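For the sequence shown, position 327 matches number 1513 in the working numbering, and the numbering has no gaps at all.
Note that CB positions come from ideal geometry on N, CA and C, so glycine has one too.
Every value quoted in this text rests on a predicted model; they were computed, and no experiment measured them.
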Amino acid sequence: MTIADRLGKDSAELLSELIRFNTTNPPGDELACARYLTDWLAERGLTTEVVEFAPNRASGMAYLAGDTDEKPLLVMGHLDVVPVGDLSKWTRDPFGGEIADGCVWGRGAIDCKGVLVAQAVALAEMARNGETTGRPVRLLATADEEVGGSLGIAWLLDNRPEWTDCWLCVTEGGGDIFSFGEQKFAGFMVGEKGQLQVSFTAKGKQGHASLPPKEIAAYTLGEVLRRLEQLPPRYRLMDSNRSLLDLLIPDLNIETAADWEGIFQMIEATLPGATIFVKALYTDTISPTMLQASSKINILPGEAKLTCDCRLLPGTEPGELLGVFKELVSDLPVEVLDEGSHPASLSTVDSPAVNTIRRLLEQWEPGTKLVPTLCQAATDSRQMRWAGYDSYGYVPFPASHDPLRTKQRVHGIDERIELDTLTAMTTRTLDYIRELRK
Ligand SMILES: [Zn+2]
């Protein structure tokens, strides 16, 4: 049996075991899963600890000593999973952890127990070989990521700062290999967009619908919607998002909004359906999602309310966009309120980690380029970045692993991971941990 075969077999078995713990969040119930994983690592020579922060809820830690006093490399994944959705649509038990048809099946197989297993098996291999040269390495198995991480990574940053203190962190997000014409590339997530939840409340005159007055709140809200739709897109090119366009478009030169539209048309022509994803990396987005007015057909409401979910690029402060909205409707009887917001998060783009992984990717998948980029969604990385650490989203998927298939399976029906993908993730995680420790 080759080393890769052995690591692949260990990964599949450990992943199958972890999937059997139902860590659907809410409520999470990560304790038993955290204990199983840390016991598994302790048996293989790592120092481990579990912290139960609430009944039946826990995060876990494993530590591999190094021989320098430099800060540890942190690798991180989460224990909790999202609900299974419509159970009747699943081909196999989402918490069965079955190994069948060349896959490990179940909720969390990719997001994020598969990622955690690749990290854990890599660390166990290093402990087995007595690899103590270089930085220490710490693994965090966090609770609560799927509902925002306030009891998981954020709790650890406050209550176990010795667990989170690190040189840099590598966790989920990124790493899928995409093809674009002749180009092949993988994203290295250096930042995540922020969010502004904003409400617009239009004032009108409440009354009987049979006697409509001049001041009708819904018409005013309609005007707000029309103005929002016509706001020009806030495109922006930065260090954290320009590598992808540099790769896709030779002689990139953007000066006007029309240049941006030309670029997106070109991308859509080569990769139909890709523009919606790509566009979101270059602009703040504004999505009107909730409308509320009267609850009865014959009552004209005194107020009509619109709520928008806006996602912000690094550099856009929530308060700045709020100011744009207030200005936009300043002549209307409309109140604009921040209903919840946080800024984007960003790590050092030009990091030694990027260069190390770029070099490794060239060995693993010759010709595939690594592009630092942003993530539209949120992971535990953002809390690490807000606390001042560099945190990166990268999972070393092989080229054989279809990224669009992953998109359907993660948080979807029949989540599963191919055994050869899992083996490659583990051996490549071992490679990058070894290199980043140096
Ligand atoms: Zn995840």
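Query	Result
H1264 beta carbon near ligand 1 (any heavy atom closer than 7 Å)	yes
M1187 burial status per 10 Å Cβ neighbour count (16 or more: buried)	exposed
Of the residues D1576, S1385, R1591, the one placed nearest A1490, counting alpha carbons only	S1385
Three-pair Cβ contact test at 8 Å for the region 1508-1527 versus the region 1304-1319	no
Any non-hydrogen atom of ligand 1 closer than 7 Å to E1358 Cβ	yes
Continuous alpha helix (DSSP H) stretch holding I1463: start and end	Before going on, a small fix: residue 1463 reads as Phe here, not Ile. Its alpha helix (DSSP H) spans residues 1461-1465.
Integer Cβ distance of V1333 from N1208, believed to fall under 8 Å	With 8 Å as the limit, V1333 and N1208 do not qualify as a contact, their Cβ atoms being about 16 Å apart.
Segment limits, beta strand (DSSP E) that includes S1385	1380-1389
Per-residue DSSP class, three states only, for K1555	strand
Length at least 3, wholly inside the region 1510-1541: the beta strand (DSSP E) runs in chain order	1520-1528
Any non-hydrogen atom of ligand 1 closer than 7 Å to T1469 Cβ	no
Pick from V1236, L1260, G1271 that is closest to I1599, judged by C-alpha positions	G1271
Beta-carbon proximity of T1615 to G1194, cut-off 8 Å	no
heavy atom of ligand 1 below 7 Å from D1362 C-beta	no
Proximal residues to C1289 (C-beta, below 7 Å), its chain only, five neighbours per side dropped	R1602, I1603, E1604, L1605
CB contact flag (L1337, F1463, <8 Å)	no
Per DSSP, the bridge partner or partners of L1260	R1324, C1355
Three-state class that DSSP yields for Y1618 in the structure shown	helix
Which residues DSSP lists as bridging V1297, in chain order	At residue 1297 the sequence reads Asp, which differs from the Val that was named. Paired residues: none, contrary to the question.
Where K1275 sits in the DSSP three-state scheme	helix
Minimum C-alpha distance to S1429 - residue among L1217, R1544, T1224, P1258	R1544
Cβ distance (whole Å) where L1433 is taken to contact Q1369 below 8 Å	6 Å
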